[in-house]
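Scroll down for the structure; my scribbles are underneath it.
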Amino acid sequence: MSEGQKSVNIALQGGGAHGAFTWGVLDKLLEDGRLDVEAISGTSAGAMNAVAVADGLMSDGADGARAALEHFWRSISERSAFSPIQRLPFDVFMGNWSLDHTPSYHFFDAMTRMTSPYQFNPLDINPLLQLLEECIDFDRVRSCDQLKLFISATDVETGRVKIFNRSELTAEMVMASACLPFLFQAVEIDGVPYWDGGYMGNPALFPFHTQTDSDDIIVVQINPIERRGAPRTAQEILNRINEISFNGSLLREFRAIDFVRRLIEEGKLSQEHYRKTRVHVIENQNELKPLGASSKVNAEWRFLVHLRDIGRETAERWLAAHVDHVGNQSTVDLRAMFQGLGVEHHG
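The sequence shown maps to residues 4 to 350 in my numbering.
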């Protein structure tokens with residue numbers, strides 16, 4: 004860590020193409036240089052951003068990490084150009100980023116509800132796994148001793164979260180973290196089947212408490228905790244179920260962190276044995292929430308750059324308002340989050 008830098012851990016949620024928002028946040032944090040990232044915990048798209056950062060750090064430090072992130076997301080966009088699931092000309096003209104009016108999207112969505120990936124993809128062809136193997140040098144990732152990585156997946160057989168550490172990471176482990184069971188066959192690692200890590204850790208925070216020295220956690224949030232009004236359509240209902248499920252583990256960890264912090268402040272626990280973790284959240288639900296679930300599979304370069312730019316702007320505002328609080332105090336009211344009072348930022 005350079006003089007003047009503040010040590011932090013960063014937690015990255017999954018969210019399909021919306022992970023490009025996280026790309027933008029990371030890009031700005033790396034460019035700014037005032038934070039030294041000790042560890043990243045990531046799930047699904049967050050896991051992919053995490054390994055891209057580690058790969059790039061090994062090639063050319065922060066600049067290399069920024070370049071690796073752009074290369075990864077550009078590669079996703081280039082591959083998606085051959086997909087039959089694209090926005091309609093009407094949506095392009097109107098500036099709608101969602102695929103809600105795209106017949107091929109609805110056909111594929113319906114097919115995944117009626118058949119399993121073991122039926123419509125019996126050969127288990129996985130272009131995302133191929134992309135990871137081509138874009139990321141996992142030998143470099145495993146050798147990146149300047150950054151700890153914790154990648155979450157869900158053990159299908161036990162329902163428990165599995166954390167893969169940097170020193171063992173493979174493309175298959177990252178793919179396991181992103182394995183949505185309606186789209187992909189379970190990823191088997193050492194004979195154990197895994198699904199998307201978001202079900203049990205989106206992302207997991209507990210490795211920070213035992214395997215890092217930093218007491219500051221920055222969560223880059225993609226999935227909204229709250230949505231006003233009950234969803235009406237089948238797609239909206241399923242999307243909201245997924246949001247609630249994927250945020251559940253994070254809220255439980257927030258509750259535990261807040262509980263320990265309050266016991267320390269009340270003198271019931273000693274900081275000699277327990278850590279008073281400071282939590283920060285970078286999010287922009289005003290921009291992300293209206294996009295809709297179908298936009299998470301829209302990998303057009305224009306859309307990804309749009310999300311990246313939103314992420315950069317959001318991180319820039321967060322740095323201006325809160326970077327001085329890192330190492331001193333939390334900048335989000337955790338109790339307000341898990342009691343349904345919305346995200347309240349301090350100071």
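Using N, Cα and C, we set each Cβ at its ideal position, and we do this for glycine too. Given the structure is predicted, the values throughout are model-derived calculations rather than measurements.
Cutting at 7 Å between CB atoms, please list the residues of its own chain near residue i, excluding the five before and the five after it.
| i | result |
| --- | --- |
| Leu33 | Ala65, Ala68, Arg69 |
| Phe123 | Met114 |
| Tyr121 | Gln188 |
| Phe35 | Note that residue 35 corresponds to Asp in the displayed sequence, not to Phe. Contacts found: Leu322. |
| Leu134 | Ser78, Ile79, Arg82 |
| Gly330 | Lys9, Asp219 |
For residue i and residue j, what's the separation of their Cα atoms in angstroms?
| i | j | result |
| --- | --- | --- |
| Ala324 | Thr317 | 11 Å |
| Trp197 | Asn129 | According to the sequence shown, residue 197 is Tyr rather than Trp. Taking the straight line from one Cα to the other gives about 15 Å. |
| Leu91 | His104 | 7 Å |
| Trp100 | Ser10 | 36 Å |
| Ser333 | Arg281 | 4 Å |
| His349 | Ile228 | Confidence in His349 is poor, its pLDDT being 48 and thus under 50, which makes the residue's placement unreliable; the coordinate value appears in the next sentence. Going by the C-alpha atoms only, they are around 18 Å apart. |
| Phe24 | Gly314 | 5 Å |
| Val144 | Phe93 | 42 Å |
| Ser273 | Ile220 | 21 Å |
| Arg235 | Gln8 | 48 Å |
| Pro206 | Pro106 | 33 Å |
| Asn168 | Gly98 | 41 Å |
| Glu29 | Pro210 | Inspection of the sequence shows that residue 29 is occupied by Leu rather than by Glu. Cα to Cα, the separation comes out at about 20 Å. |
| Leu294 | Ile43 | 26 Å |
| Arg77 | Tyr277 | 43 Å |
| Glu256 | Val223 | 15 Å |
| Ala84 | Arg305 | 12 Å |
| Asn12 | Asp218 | 8 Å |
| Glu6 | Glu319 | 21 Å |
| Ser119 | His328 | 48 Å |
| Glu268 | Phe110 | 55 Å |
| Leu291 | His21 | 8 Å |
| Leu253 | Gly17 | 12 Å |
Looking at the unbroken beta strand (DSSP E) that takes in residue i, where does it start and where does it end?
| i | result |
| --- | --- |
| His21 | Careful: His21 lies outside any beta strand (DSSP E) and carries neither H nor E. |
| Arg37 | Note, Arg37: premise wrong, no beta strand (DSSP E); not H, not E. |
| Val223 | 219-223 |
Using a Cβ-Cβ cut-off of 8 Å (strictly less than) and excluding sequence neighbours within five positions of residue i, which residues of its own chain qualify?
| i | result |
| --- | --- |
| Asp312 | Gly27 |
| Tyr108 | Ile88, Leu102, Ser297, Val300 |
| Ala2 | Residue coverage of the chain in this structure runs from 4 to 350, which leaves residue 2 outside it and unanswerable. |
For residue i, which residues in the same chain have their Cβ closer than 6 Å to its Cβ, ignoring the five residues on either side in sequence?
| i | result |
| --- | --- |
| Ala156 | Lys165, Ala179, Ser180, Tyr197, Gly200 |
| Ile79 | Ala302 |
| Asn250 | Asn226, Ile228 |
| Glu136 | Ala174 |
Could you pull the start and end residues of the alpha helix (DSSP H) that residue i belongs to?
| i | result |
| --- | --- |
| Ala53 | 48-83 |
| Asp94 | 92-97 |
| Thr115 | 106-117 |
| Pro120 | 120-123 |
Which partner residues does residue i have in the DSSP bridge list?
| i | result |
| --- | --- |
| Lys31 | Per DSSP, none; premise fails for Lys31. |
| Ala42 | Asn12, Lys151 |
- Message: So within the segment 134-211, which uninterrupted alpha helix (DSSP H) runs reach at least 4 residues, ignoring any that extend past its ends?
- Response: 141-146, 174-180
- Query: What are the uninterrupted segments assigned as beta strand (DSSP E) that are 3 or more residues long and contained completely in the segment 248-307, given in chain order?
  - Reply: 281-285
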